[in-house]
Structures are given as structure tokens and as C-alpha cells.
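Residue numbers (our numbering): 2 to 433. All C-beta atoms in this analysis are idealised placements derived from N, C-alpha and C, irrespective of residue type, glycine included. The structure presented is a predicted model; accordingly, all values stated were derived computationally and were not measured.
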Ligand code: URA
């Protein structure tokens, strides 16, 4: 590999030049080995955030990140594989019902998930609220569970896309998370290295998402779809709303409970709609036709796959879930129609109650979180419960209440009747 000078690479990007393939290969490799220092990589990440990268640079950057670690291979499994990745949102528990549902329809789901940081929750944190469940599996355990149960949700091993592990942690503390080339290459390097045959991306748009506008979300989605397609992974992206939180809960144990309701054939309509839309895309991407995932929710086969998946990772699906020691109810200040419920406000409240962590490595509370008792479009009555806040530490209530302040609108009826309300669509666009 040709050796370069880190300062020369930083200056090139700072001055708006395109990085060469050789510069990209070297800088990712040298950073992974510790020859490029954190302060140099953070300067380069900031230059990329400010000046962008073209399609060739993003593709080469992604390839170099994949080459920094191991690659997994599921091609020996007896069924096709499909994975889903969400760019992160509030109340986004979709992976929990989705993975067993798709497995019940005949497609294996190797779902490598993460922990929450900031206001968005992490799938592993949610599942760890199931007594006994463990997130760490060896590659051999993962393969055997994919063959027997068909669904695995576990932590990514240290070997996968090693450059991304370092770079993501660095971006998190240097204000460089929100760069489309860096987000796209971070997500896609892990998904391509993981070796899934097909991939469905759920790109969130709105106040509770990284991407606040549809145009930015579309740019991120098409960049990732191109990266996946070029690497031979059948990739489709759905743009979905994250101005309103999903379902009726944000937290850990309470989101698992809501997911189990969906697997039992019930649950909030938006969670069911998104779970089914993603399941249909995953089945189509894996080449499975003529199977209706709604039937697998109705006939209990998705629930059977959930129970098997939890048990295979040491969990007891029948054990009682953690309950927060303290709760506080927030009542509606007026009667009328709830016309807005802000995802960021709810996400911050759940985080401040202890459902999320402030720093990597902090512990989260299994029982903490927020339940909301109405969704936009619902009628509310003054004095009736609007939110229930849950935590083990009552001194957390005050800051959670602060974050809900201004986070919702209730519009009173006028002489013509209830305030007009037109729901924003959950599914905004599809990019393939
Ligand atoms: N998720 C990732 O894995 N990487 C990013 O950069 C953003 C979200």
C-alpha cells in the first residue's frame, strides 16, 4: 500500500479536492492501525462534513472500511438472508417483531444491532430487559441459530468493519456524525461485511431523526442503495416519518411489551403497518413470493419464532418484565384534538428518565421510559392522562417534564366542531 502523509490528505479535502483511491485506502488502514491520530482523523472527518465526497470517493471509503475487518458469509445457510437497518428513531422497536416475523415466513434474518446513544433507543438495550437474554454470540452460534430458528438479533462482533468502530466513536464526540458520506459508508460497510443477501433500509425523516428534511433523507437513501447494489446486495430504502414517535411507548421493557402485542396480532396500527411494509420488502428482496406476513402475525407463527429466538439466546419470554419503581402521570391541560406529538421531545424525555445513556458504557434502566396515551388525531380530555413517565430515580422527572414542554399541541373544538387534522403519511417514499 502506498504511504501518504495524513496532513497532506487533510489539506486536500479541506481545500475541496477529491481524495484518490490510494489516499483513501491508506488513511483508513493507517487510522485502524493507530498510525493516523484521532485528532488528524477528526480534522479529516470535519473536512468531509464541510466539503463532501463524490460517488467514487464514498464507494472507495466504504470498501476500505470493509477491508479493515472480517467478512461474514451466510451463503451456506439453507434459506436466503435479509436484513433491515433503521437510521434510528424514537419508539422504533420494529426490529423486535420484524426479525421473527420474517423468519416465520422462511427467510433468515441476521440482525446485528447496536445500543442507543442520545435520544434514540438501541435494540440491544431493549432486548436486555428480557430476563436472561444475552446479546453476545460467536459467529458459530449465530450461524447455528440462523439455521434452527431463522432469526438472530445480536451485537456486532469486534472484528467487523473495525475502522468504523473507531471512527463512529470519534465522530460522536467531534460534531461530525451528520455527514451523509460518513453515515452512508458507516452503515453500509457493516451491512456489506455482514454478508446479508438483501437489505431493506428504513431511513427516518423528521424531528426525531438524523435527517430533518425529506431531501436530505432521499440523498442518504440513494447513496446507501447505490453502495449496496454495487456490492451485489439487493438493497431497497423506505423513507418513513419520524416527526411523531412510533407506537405508544419509548423505553426498554415497555417497547418489548408493545412488540409482543404486535406479535400476538394486536399492537398500535403504525407499528403494525411499518413492520408489515418492511417484512414485505425483505421477503421480496430475498426472492420469496406468495407469503403474506400479516397471516404469520395472525396465526401465531411469528410469535413462536420470537419465543424460539429469545430462548436460543438464554432469555425467558414468559418471565415478568422489569417495572420502574416510580411513575408520574402528565394530564392533558385542555380538551380537544392532539394535533402534534414531537418525536424529539418524547425521545429526550425517555432518555432523561434513564432509558438511554449519556456516555458509551453507561448502564440503562430496563423499566424507564415514556408511555403516551394518545396519538396525533386522537381526542383528549382536560385532566385525563396524556403521558406516564417511568423511572427508578424520581429526581429524573423534572428534566423529563422540561423536555415534554412545547412537545405537543392540543387544539380545542370551535363552533364548527373538532379541529381539522390530516395525518402525515408514515411511508413517505421508496428508493430502489
Ligand atoms: N448509524 C451508523 O451505524 N452509523 C452512522 O454513521 C449513523 C448511524
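Asked	Found
For residue 223, the nearest candidate out of 433, 58, 12 (CA to CA)	433
Heavy atom of the ligand URA within 7 Å of residue 37 beta-carbon	no
Endpoints, beta strand (DSSP E) assigned at residue 416	It is not in any beta strand (DSSP E) - residue 416 carries neither H nor E in the DSSP assignment.
Assigned secondary structure, residue 341 (DSSP; H/G/I helix, E/B strand, else coil)	strand
Contact between the stretch 61-68 and the stretch 19-39 (3+ Cβ pairs under 8 Å)	yes
Near the ligand URA: residue 169 beta-carbon under 7 Å from a heavy atom	yes
Any heavy atom of the ligand URA nearer than 5 Å to the CB - residues listed	184, 187, 188
Opposing strand residues paired with residue 112 [DSSP bridges]	154
Exposure label - residue 428; buried when at least 16 CB within 10 Å	exposed
Cβ separation of residue 60 and residue 228, assumed to be a contact under 8 Å, to the nearest whole Å	6 Å
Test item: CB-CB of residue 306 and residue 207 under 8 Å	no
8 Å Cβ shell around residue 293 - same chain, five flanking residues per side excluded	none
DSSP three-state assignment for residue 314, whether helix, strand or coil	coil
Uninterrupted alpha helix (DSSP H) stretches inside the stretch 181-208 (no shorter than 4 residues)	181-195
Expected contact under 8 Å - CB spacing of residue 302 and residue 413 to nearest Å	About 46 Å separates the two Cβ atoms, so there is no contact after all.
DSSP-derived helix/strand/coil call for residue 247	coil
Span of the beta strand (DSSP E), counted from its first residue to its last, around residue 372	370-373
Buried or exposed (CB count within 10 angstroms, at least 16 for buried), residue 422	exposed
Own chain, CB closer than 7 Å to residue 299, minus 5 neighbours either side, in chain order	266
Chain D contact for residue 35 (CB, 8 Å cutoff)	Note that chain D does not occur in the displayed structure, where there is just one protein chain.
Proximity winner among 75, 51, 390, relative to residue 180 (alpha-carbon distances)	51
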